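Counting in the UniProt record's numbering, the sequence shown runs from 1 upward without gaps. All residues carry an ideal CB built from backbone N, CA and C; glycine is no exception. Please read all numbers here as calculations on a predicted model, not as lab measurements.
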Amino acid sequence: MKASSSFHNIRLRSKMLIIYFLSVFIPVILTNVIFYNITTNNVRNQKLQDLSLAIEQMRNELKNQVDAVIGITSVLYNDSILNDYLDTRYADPSDYVNNYHSYITDMLEKYTPVYRAIQKITLYTDNDTIIYGGYVFPVSGIEDSGWYKQVKSSWTSNAVIVEDDESAAKPALSIVRRMSSTAGQDQFDKIVKIDLHPELIKQVLNNVTLEGNVYLLEGDTVRYASGKNGNNDMDDSSEQGAIVIEEGFSNKEYFRNWRIVGKFQEREVLEEVRKSKEFVIYMALPNILIPTLIIVWFTRSLNQRLFRILKQMKRVKNHTFDLIEDEESKDEIGQLTTEFNHMTMQIKSLIHDVYMADIQKKELELGRKQAQLHALQSQINPHFLFNSLETIRMRSLIKSEDETAKIIHHMAKIFRKSLSWGKDMVPIRDELDLVESFLQIQKYRFGDKLDYRIEVEEDCMMSLIPKMTLQPLVENSSIHGIEPMKHAGMITVSVRKSGDSLICTVSDNGVGMSEERLQQLQYDTFHSEEHGESIGIRNVYLRLKLFYGDQADFTIESRKDQGTSFRIEIRSL
């Protein structure tokens, strides 16, 4: 329930974005990432398999060519006639020449055109009765070569693969084998050497579909290299991070330590993987872009219309009853718009009816009060009162009754200001002048029982307040606070400024009131519709709210036998 409630606090646009990310964006991204990983792994494995097959094909082709040459050495090894010719000691050189042309030449020359792997066939012997040349050469000429020492160190007559680094500018591979001797004849050292064609090895090792370097190794020694670098350095820095594929010749004795190693740059081998990555990206973009555009379009349709309804509802709160102009739509938002317009028209109609009825009622009440006031004014002419009081004051002065004249003067001033309502706002100075007159009259009545003090800051004198704001409070303090006392009392009127606020205080040290009486007075002043006994205080509060609203505060404090205090604060003057 809590999770559901918190989800209700998320704005509609945010909810749509959450739905989009959880239902579209993240699933599409995950799907494409998984698809990309599977695709790239499959492409990579396929590429590696193709490279392995290419290296294996190269190994098989080289092995087949070498096997064919090994077969020729076996034929020559087992050829008794050739061995007899080489083992025979010739008294006459012409006999050897006849044998050479009749058999040796014909036999050896038939292999070279047929087998493209053969570059040259050479026979070596230490038979000193033979005339060396053509296909036959003396052993003494090769005794210092490395491959000869390798063949001589072998106890078997099996064929071996050697590197001939003497006769060629570029080292070449050769198949070398010791030949058998005929029983009963002198034993001569006989060796057959078949040189492999370098172009054949180059062709075999270059038969690869992807760019890279291929090495033919004997042990750890590179016998041949092909590829982009064109050198025999397998530790070439340009091949750092390369893919290495190796194929050996383990099932052949003469190829026991030989192997073919392919080194390929990963970025070149995996070029197809990169292309597949681009394909996945291009395929993912429409899957993300199209749903995004659809959801944005759909969300915008919902959000704009809902925002328009919300905006209009806020305007209704501020008493603006305009209708929402929108094309009729049959979805839920369209129905909500239609019902809102109906509700707005009904509220506007009801407010108009109630407002007009209230205006008529207030006009009737105002007319009634004006009639009462006119009736009162017709009964008592204010000028008559002022003239009468002025006559009494003058007669008192003639009779030297100065105190009586002074009091009558204050009473006339109070009557004149209370009955002249031309101005609603008066300066503090005029309001305090009225308060001073009232207190003088009260002091005349009570003598030493009443004392008062008026404290006002000079810069507050011209500040405006509603007329008759302080006088009813002073009157309340005098009548209800000081008059019931048996001893002397003090009324203090204070006006000062605090920041941008004007603070007026009327306090006394009179009889005060109980907590229950204070609560009743506060209720009658701030809440009750009936004026009751506190009509003057309530009128002060109502006029403050009328002129200042919430910018004015009016508080009442009182304690039994300690006095009462009225405090008015008017802010932002």
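CA nearest to the CA of residue i, picked from the options
i: Gly432; options: Tyr282, Val495, Asn476; result: It is Leu, not Gly, that sits at residue 432 in the sequence shown. When each option's Cα is compared against that of Leu432, the closest is Val495.
i: Leu48; options: Leu518, Gln304, Glu266; result: Glu266
i: Ile201; options: Lys63, Lys545, Leu336, Val28; result: Lys63
i: Val192; options: Gln150, Tyr124, Gly248; result: Tyr124
i: Ser534; options: Glu218, Pro472, Arg429; result: Pro472
i: Tyr523; options: Val493, Glu557, Thr505, Leu502; result: Glu557
i: Gly536; options: Leu546, Lys545, Thr525; result: Thr525
i: Arg444; options: Ala159, Gln520, Tyr541, Ile407; result: A small correction: the amino acid at residue 444 is Tyr; Arg does not occupy that position in the sequence shown. Comparing Cα-Cα distances from Tyr444 to each of Ala159, Gln520, Tyr541, Ile407, the minimum goes to Ile407.
i: Leu546; options: Gly563, Ile570, Thr564; result: Ile570
i: Asn127; options: Tyr148, Ser153, Ala91, Asn158; result: Ala91
i: Lys467; options: Asp448, His487, Ile454, Val435; result: Val435
i: Val426; options: Phe438, Gln442, Ile55, Cys460; result: Cys460
i: Ala488; options: Ile81, Thr344, Gly510; result: Gly510
i: Glu56; options: Leu30, Val204, Tyr103, Ile29; result: Val204
i: Pro291; options: Arg11, Ser572, Met16; result: Met16
i: Arg517; options: Ile359, Leu293, His480, Ile491; result: His480
i: His101; options: Lys120, Ser463, Gly134; result: Gly134
i: Val24; options: Arg44, Ser463, Ala242, Ala284; result: Ala284
i: Lys423; options: Met345, Ile454, Leu464; result: Leu464
i: residue 588; options: Trp258, Leu521, Val97; result: With the chain represented from 1 up to 573, any question about residue 588 goes unanswered, as that position is not in the structure.
i: Gln65; options: Ile34, Arg116, Ile29; result: Arg116
i: Val493; options: Arg453, Gln440, Met345; result: Arg453
Opposing strand residues paired with residue i [DSSP bridges]
i: Asn41; result: Looking at the DSSP assignment, Asn41 forms no beta bridge with any residue, so it has no partner.
i: Pro466; result: Met425
i: Pro138; result: Thr125
i: residue 576; result: As shown, the chain starts at 1 and ends at 573. That puts residue 576 outside it, with no answer to give.
i: Asn213; result: Lys263
i: Val192; result: Leu123, Arg177
i: Thr88; result: Answer by DSSP bridge pairing: none, since Thr88 is not bridged.
i: Arg559; result: Gly563
i: residue 649; result: The requested residue 649 does not occur in the structure, where the chain is confined to residues 1 to 573.
i: Leu450; result: Gly489
i: Glu455; result: Ser494
i: Glu569; result: Ile503, Asp553
i: Gly133; result: Val136
i: Ser301; result: The partner list for Ser301 (beta bridge, DSSP) is empty, contrary to what the question assumes.
Cβ-based neighbour list, residue i, same chain, cut-off 7 Å, excluding 5 preceding and 5 following
i: Ile281; result: none
i: Asp353; result: none
i: Thr555; result: Arg567
i: Ser498; result: none
i: Val151; result: Val160, Val176, Arg178, Ile191
i: Arg315; result: Asp322
i: Lys120; result: Asp195
i: Asn476; result: Gly536, Ile537
i: Ile456; result: First, the residue type needs correcting, since residue 456 is Val and not Ile in the sequence shown. Here the set comprises Ile428, Leu432, Val495.
Contact set for residue i: own chain, Cβ-Cβ below 8 Å, skip 5 residues either direction
i: Phe384; result: Here Phe384 scores only 45 on pLDDT, less than 50, and its place in the model is too uncertain to base an answer on.
i: Ile118; result: Val69, Ile72, Tyr111, Thr112, Ile194, Asp195, Leu196, His197
i: residue 659; result: The displayed coordinates of the chain run from 1 to 573. Any statement about residue 659 would go beyond what the structure contains.
i: Met313; result: Phe340
i: Leu86; result: Leu123, Thr125, Asn127, Ile130, Val136, Met179, Phe188, Lys190
Beta-carbon contacts of residue i that lie in its chain and below 6 Å, excluding the five residues immediately before and after
i: Ile295; result: Tyr20
i: Lys560; result: Gly512, Ser514
i: Tyr224; result: Ile201, Leu216
i: Asn9; result: none
i: Pro93; result: Ile131
i: Ser565; result: Ser507, Glu557
i: Gln562; result: Gly512
i: Val244; result: Lys263
Residue i - containing alpha helix (DSSP H), residue span
i: Leu518; result: 515-526
i: Thr105; result: 105-109
i: Val151; result: 146-152
i: Asn99; result: 93-99
i: Asp459; result: Per DSSP, Asp459 belongs to no alpha helix (DSSP H) and is neither H nor E.
i: Val474; result: 471-476
i: Leu205; result: 198-205
Span of the beta strand (DSSP E), counted from its first residue to its last, around residue i
i: Arg538; result: Counting along the chain, Arg538 falls outside any beta strand (DSSP E), though it belongs to the alpha helix (DSSP H) covering 535-548.
i: Asn9; result: Counting along the chain, Asn9 falls outside any beta strand (DSSP E), and DSSP gives it neither H nor E.
i: Met506; result: Note that residue 506 corresponds to Val in the displayed sequence, not to Met. Element bounds for Val506: 501-508.
i: Val495; result: 489-498
i: Val244; result: 243-248
Closer than 6 Å: residue i CB and nearest the ligand NAP heavy atom
i: Ser494; result: Ligands in the displayed structure: none, and consequently the ligand NAP is not present.
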